[in-house]
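One structure is given here, and the rest of the page talks about it.
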Amino acid sequence: MDTAQNTETTSWWGRLTERCYATSTATLARNVKQEASASYDALINDLERPLEPRFEQAVARQLSASQPAHFRPARTLMPVMMQRFGLNESALEEGGLINHADYAALRDTCNACAAVGDCWKAMRASAKLDECRRLCPNATAFDALAAQ
Numbered sequence: 130m131d132t133a134q135n136t137e138t139t140s141w142w143g144r145l146t147e148r149c150y151a152t153s154t155a156t157l158a159r160n161v162k163q164e165a166s167a168s169y170d171a172l173i174n175d176l177e178r179p180l181e182p183r184f185e186q187a188v189a190r191q192l193s194a195s196q197p198a199h200f201r202p203a204r205t206l207m208p209v210m211m212q213r214f215g216l217n218e219s220a221l222e223e224g225g226l227i228n229h230a231d232y233a234a235l236r237d238t239c240n241a242c243a244a245v246g247d248c249w250k251a252m253r254a255s256a257k258l259d260e261c262r263r264l265c266p267n268a269t270a271f272d273a274l275a276a277q
């Protein structure tokens, strides 16, 4: 969609549709969540799917406000976050570097994280390690595991 930055070259119709879209994006995201829950679940669990930036921001706000019943950050976000720290879930389990109780605690922390919306956006944007350390409550544990 065009941006209304340059009003000299953007038609009044283009500016109107841009303004309408911008003001209705949060409602659009909420309606997708409520009325097309299977599509919404697929959308939030697919970190590679391209989204329009304002729609992506609206979805991230929704995730921060309340997580959908079928969304588990530890299933969708934690494996990607671990990759940023140079970790691989299956290699940790197979190598005996992490026991089940510790791993369950990391997953519980991830699922209860207050920064899930920001994390979702960061993982979609292939955030660098420094940003991941700032966002993730499991960062210290991931760093310790990576150092082993």
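Residue numbers (the numbering used here): 130 to 277.
Even glycine gets a Cβ: it sits at the ideal position worked out from N, Cα and C.
Keep in mind the model is a prediction, meaning the values are calculated, not measured.
Straight-line Cα distance separating residue j from residue i
| i | j | result |
| --- | --- | --- |
| Gln-284 | Pro-182 | The chain is shown from 130 up to 277; residue 284 falls before or after that span and cannot be answered. |
| Thr-139 | Leu-145 | 10 Å |
| Cys-239 | Glu-147 | 36 Å |
| Cys-265 | Trp-142 | 43 Å |
| Arg-253 | Arg-262 | 16 Å |
| Glu-177 | Glu-218 | 20 Å |
| Ala-234 | Cys-149 | 44 Å |
| Val-209 | Thr-152 | 32 Å |
| Leu-192 | Gln-186 | 10 Å |
| Ala-133 | Lys-162 | Confidence is the limiting factor: at Ala-133 the pLDDT is only 48, short of 50, which leaves the residue's position unreliable, though a coordinate-based value still follows. Computed Cα separation, rounded: 28 Å. |
| Ala-194 | His-229 | 30 Å |
| Cys-242 | Gln-277 | 25 Å |
| Val-207 | Gly-224 | As written in the sequence, residue 207 is Met, which differs from the Val given in the question. Spanning the two alpha carbons is a distance of roughly 19 Å. |
Endpoints, alpha helix (DSSP H) assigned at residue i
| i | result |
| --- | --- |
| Ile-173 | 166-174 |
| Ala-244 | No alpha helix (DSSP H) contains Ala-244, which DSSP labels as neither H nor E. |
| Asn-95 | Residue 95 lies beyond the residue range present for the chain, which begins at 130 and ends at 277; the question has no answer from this structure. |
| Arg-204 | 202-205 |
| Phe-271 | 268-276 |
| Leu-221 | 218-223 |
Where residue i falls: helix, strand or coil (DSSP)
| i | result |
| --- | --- |
| Met-130 | With a pLDDT of 48 at Met-130, under the threshold of 50, the predicted position of this residue should be treated as unreliable, though the coordinate-derived value follows. Coil, per DSSP. |
| Cys-261 | helix |
| Gly-143 | helix |
| Ser-195 | coil |
| Asn-160 | helix |
| Pro-179 | coil |
beta-carbon residue i near the ligand GDP non-hydrogen atom, thresh 8 Å
| i | result |
| --- | --- |
| Ser-166 | Absence of the ligand GDP from the depicted structure is noted, as is the absence of any ligand whatsoever, leaving it without description. |
Assigned exposure category for residue i - 16 Cβ within 10 Å defines buried
| i | result |
| --- | --- |
| Asp-231 | exposed |
| Asn-267 | buried |
| Pro-179 | exposed |
| Ala-256 | buried |
| Ala-189 | buried |
| Asp-247 | buried |
| Thr-156 | exposed |
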